[in-house]
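If you're matching positions, the sequence shown starts at 742 in the numbering used here and goes up one per residue. Every residue, glycine too, gets a C-beta built ideally from N, C-alpha and C. Computed from a prediction, not measured in an experiment: that's the story for all the values here.
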Amino acid sequence: MSDKPVEEMSFEEALRGLEEIVTRLERGDVALDESITLYERGDVLKKHCEARLNAAQMRIEAIRLSEDGTPKGTEPFSA
């Protein structure tokens with residue numbers, strides 16, 4: 742597990758770290774104190790991933806099509 746500060750991690754690094762934590766916790770062989778520490782780091786990683794995804798979604802543009810189906814331009818993405 743990386744000790745790199747979460748705010749410096751890319752989405753992929755944070756997701757990989759979160760997956761490692763989930764795997765370790767699911768095995769059930771981690772001491773209680775370490776489980777709590779892992780859970781807390783996992784929560785921070787999850788929030789970081791969510792923030793990165795939300796930021797990416799805001800930057801996505803949807804392609805607008807004219808009535809005949811040809812691209813007409815772009816507009817901000819709305820979920």
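Here the alpha carbons of S751 and E767 stand approximately 24 Å from one another. Proximity to L759 across H789, K813, P812 peaks at H789, based on C-alpha coordinates. Comparing C-alpha distances from I762 to each of E748, D774, L786, E753 shows the shortest one belongs to L786. Within the model, the alpha-carbon separation for A796 versus L756 is close to 16 Å. The beta-bridge partner set that DSSP reports for R793 is empty.
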